[in-house]
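Asks: Dumping the structure here so I can ask a few things about it.
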Amino acid sequence: MKKIFIFGITGSIGTQTLEVLNRENFKREFKLIGGTINSNFKKAKKIIEKYNLEFLYINDYKEKGSLPQKYRNCNIITNYQKLEEYLEFEKPEISLIATSGFAGLKNTLTSIKFSKRLCIANKESLVSGGDIVIKKIKEKNIELLPVDSEHSAIFQLLEGEKSPSNLIITASGGSLRNTPIEELKNVTIEKVLNHPVWNMGKRITVDSATMVNKGLEVIEAYYLFDKPKIDVIINENSHIHSIIYFEDGTMKLHYGKPDMKIPIAYSLTYPKRSYKDEMIPLKNIEFKKVDYQRYPSLKLAFEILGNQKLHIAYNSIDEELVELFLNKKIKFTDISNILKKCILEIDKINIKINDIEDIYETDKISRNILKQYINN
Ligand SMILES: NC(=O)C1=CN([C@@H]2O[C@H](COP(=O)(O)OP(=O)(O)OC[C@H]3O[C@@H](n4cnc5c(N)ncnc54)[C@H](OP(=O)(O)O)[C@@H]3O)[C@@H](O)[C@H]2O)C=CC1
Ligand SMILES: CC(=O)[C@@H](O)[C@H](O)COP(=O)(O)O
Ligand SMILES: [Mn+2]
Numbered sequence: 595m596k597k598i599f600i601f602g603i604t605g606s607i608g609t610q611t612l613e614v615l616n617r618e619n620f621k622r623e624f625k626l627i628g629g630t631i632n633s634n635f636k637k638a639k640k641i642i643e644k645y646n647l648e649f650l651y652i653n654d655y656k657e658k659g660s661l662p663q664k665y666r667n668c669n670i671i672t673n674y675q676k677l678e679e680y681l682e683f684e685k686p687e688i689s690l691i692a693t694s695g696f697a698g699l700k701n702t703l704t705s706i707k708f709s710k711r712l713c714i715a716n717k718e719s720l721v722s723g724g725d726i727v728i729k730k731i732k733e734k735n736i737e738l739l740p741v742d743s744e745h746s747a748i749f750q751l752l753e754g755e756k757s758p759s760n761l762i763i764t765a766s767g768g769s770l771r772n773t774p775i776e777e778l779k780n781v782t783i784e785k786v787l788n789h790p791v792w793n794m795g796k797r798i799t800v801d802s803a804t805m806v807n808k809g810l811e812v813i814e815a816y817y818l819f820d821k822p823k824i825d826v827i828i829n830e831n832s833h834i835h836s837i838i839y840f841e842d843g844t845m846k847l848h849y850g851k852p853d854m855k856i857p858i859a860y861s862l863t864y865p866k867r868s869y870k871d872e873m874i875p876l877k878n879i880e881f882k883k884v885d886y887q888r889y890p891s892l893k894l895a896f897e898i899l900g901n902q903k904l905h906i907a908y909n910s911i912d913e914e915l916v917e918l919f920l921n922k923k924i925k926f927t928d929i930s931n932i933l934k935k936c937i938l939e940i941d942k943i944n945i946k947i948n949d950i951e952d953i954y955e956t957d958k959i960s961r962n963i964l965k966q967y968i969n970n
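Note that the sequence shown ends on residue 970 in the numbering used here; no numbers are left out.
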């Protein structure tokens with residue numbers, strides 16, 4: 595049995611990974627040993643009961659009363675050093691990184707030390723970590739399996755290919771794709787969170803509406819697939835998960851059901867496909883061009899592509915802005931406007947990204963620049 599550890603076990607990806615692991619053929623192949631959460635201990639307790647976890651790390655314990663050392667047979671800890679000691683001892687073959695946000699970088703770095711295979715859903719750690727993280731993974735000869743649906747699709751499309759190829763990443767257009775541009779300013783949080791295809795965590799759902807998610811995915815693909823030429827196109831029903839094309843004019847499209855359990859399962863069982871599901875009927879495939887007036891933050895991502903300092907800033911500032919939007923401190927359209935203004939400020943600052951410390955420093959500086967902007 596292969597041991598698996600899930601960072602962000604209570605989230606949308608974490609929960610869908612549990613559903614995959616609960617299938618009979620997966621139960622025979624994988625042993626889930628533990629996971630991490632931010633603060634949702636109520637949900638974690640249910641997971642402990644159902645999956646007999648032996649270990650849970652809580653980042654931010656908020657419950658009334660003191661932290662229990664054990665729940666059922668599960669050890670509960672809040673000390674990250676202890677988590678690393680546990681992983682060093684257990685050496686899970688697979689770590690799945692489903693934490694949301696920049697916090698996932700720490701988990702990716704931890705997993706590089708102790709696991710042979712990294713299944714990475716947390717795009718932020720690839721966007722911010724860039725070549726530094728990719729190099730660490732290569733040096734340790736670890737398998738990196740993308741979980742993000744578009745990147746899993748590209749990974750699959752590239753299997754067996756020997757010629758260089760370029761990429762087209764598909765986008766659904768998000769929850770506001772049919773909302774008139776002049777109404778975007780006053781959209782409600784509920785409307786933004788109502789994604790037409792995917793049921794995901796809050797940040798990525800807001801990011802999908804601004805297409806910051808697509809911007810992050812362009813940067814993610816840039817690092818994962820050796821810096822190819824990248825384009826984005828809208829496929830509203832998300833049946834095409836991405837496209838690669840070659841110099842001879844050939845294109846390969848990845849077609850399938852929009853269901854994250856499929857790329858999650860593939861990342862666990864690669865090169866096998868052990869997940870069983872029905873084929874969806876073949877339908878007309880429709881594409882739309884991206885309107886950059888509607889999605890200025892995607893244009894911004896293309897403008898900064900290749901500049902790691904600004905990749906880090908793009909993610910960190912957006913993470914803060916989404917939080918401000920969800921707390922009703924700013925309007926939806928402020929996200930893209932303020933993001934652009936702060937990126938221009940950070941562009942002026944002389945920071946070189948040579949190591950992990952520089953990444954953390956740039957994250958901090960970016961969040962401070964935003965704070966100054968908001969307070970002025
Ligand atoms: N959902 C999806 O379909 C897809 C998601 N992704 C990517 O996967 C990642 C997870 O997304 P999703 O599952 O939607 O997110 P969710 O918000 O649903 O879940 C996030 C998970 O991370 C934990 N977490 C959040 N903040 C911290 C922190 N500071 N420290 C430790 N743990 C933390 C949460 O714990 P708690 O529950 O306690 O808050 C939760 O377990 C993101 O990077 C996203 O971009 C990529 C493709 C598709
Ligand atoms: C499911 C997945 O991979 C998400 O990242 C998805 O891409 C979000 O949908 P958008 O295409 O609307 O950003
Ligand atoms: Mn995606």
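Ideal Cβ positions, reconstructed from N, Cα and C, are used throughout, including at glycine.
1. Hey, is D742 close to ligand 3, as in C-beta under 6 Å from one of its heavy atoms?
2. Sorted by chain position, which residues of the same chain lie with C-beta nearer than 6 Å to S743's C-beta, five sequence neighbours on each side aside?
3. How far does the alpha helix (DSSP H) with V806 in it extend, from its first residue to its last?
4. Determine, using beta carbons only, whether G628 and L647 come nearer to each other than 7 Å.
5. Mind checking whether F881 and I827 have CB atoms under 7 Å apart?
6. Would you tell me roughly how many angstroms separate the C-alpha atoms of N831 and L862, rounded to the nearest one?
7. Which parts of the segment 857-910 are runs of the alpha helix (DSSP H), unbroken and 4 residues or longer, counting only runs that do not cross its ends?
8. Can N793 be considered in contact with ligand 2, in the sense that its beta carbon sits closer than 6 Å to one or more heavy atoms?
9. Between which two residues does the alpha helix (DSSP H) holding F683 run?
10. Quick one: what does DSSP say A638 is sitting in, helix, strand or coil?
11. Taking the C-alpha atoms as reference points, what is the distance between N991 and E955?
12. Name the one or two DSSP bridge partners that T764 has.
13. Using the Cα positions of E914 and N931, report the straight-line distance between them to the nearest angstrom.
14. Helix, strand or coil: how does DSSP classify T773 here?
15. Can you round the beta-carbon distance between D912 and V806 to whole angstroms, since I take them to be within the 8 Å contact cut?
16. When you compare each of N944, G605, I798 and K903 to I726 by their alpha carbons, which one comes out closest?
17. Measuring CB to CB, does I731 end up less than 7 Å from I691?
18. How about I798: is its Cβ closer than 6 Å to a heavy atom in ligand 1?
19. Under the criterion of a Cβ to heavy atom distance below 6 Å, does A765 qualify as lining ligand 2?
20. With a cut-off of 8 Å, do at least 3 Cβ pairs link the segment 811-822 to the segment 884-903?
21. For the putative contact between P686 and I598, defined by C-beta atoms under 8 Å, what is the C-beta separation to the nearest angstrom?
22. Please identify the residue among S868, M873 and N878 whose C-alpha is closest to the C-alpha of N619.
23. Check R711 in the structure and name its three-state DSSP category.
24. On a CA-only basis, which of I728, T773 and E733 is nearest L818? Give me that one, please.
25. Who pairs with T630 in a beta bridge, going by DSSP?
Replies: Looking at the coordinates:
1. True, at least one ligand heavy atom lies under 6 Å from that Cβ.
2. Excluding sequence positions up to five before and after S743, its CB lies within less than 6 Å of the CB of H835 and P857, all in the same chain and listed in chain order.
3. Counting along the chain, V806 sits inside the alpha helix (DSSP H) bounded by residues V806 to L818.
4. Cβ distance < 7 Å, so G628 and L647 count as in contact.
5. In contact: F881 and I827 (Cβ atoms closer than 7 Å).
6. So the alpha carbons of these two residues sit roughly 26 Å apart.
7. Counting whole runs of 4 or more residues, the segment 857-910 contains the alpha helix (DSSP H) stretches 890-898.
8. N793 Cβ: outside cutoff for every heavy atom of ligand 2.
9. DSSP places F683 inside the alpha helix (DSSP H), whose first and last residues are Y674 to E684.
10. A638: helix per DSSP, three-state reduction.
11. The question about residue 991 has no answer, for the chain in this structure spans 595 to 970.
12. T764 is bridged to I827.
13. For the pair E914 and N931, the Cα-to-Cα distance works out to about 14 Å.
14. The DSSP-derived three-state label of T773 is coil.
15. In this structure D912 is in contact with V806, their Cβ atoms being roughly 5 Å apart against a cut-off of 8 Å.
16. Closest by alpha carbon: K903.
17. Going by C-beta atoms, I731 is not nearer than 7 Å to I691.
18. Flag set: Cβ of I798 near ligand 1.
19. Yes, ligand 2 has a heavy atom inside 6 Å of this Cβ.
20. Flag = yes, the segment 811-822 and the segment 884-903 touch.
21. With a Cβ gap of about 6 Å, P686 and I598 count as contacting.
22. Comparing Cα-Cα distances from N619 to each of S868, M873 and N878, the minimum goes to S868.
23. Three-state result, R711: strand.
24. Ranking the options by Cα distance to L818, first place goes to I728.
25. Bridge partners of T630: F601 and Y651.
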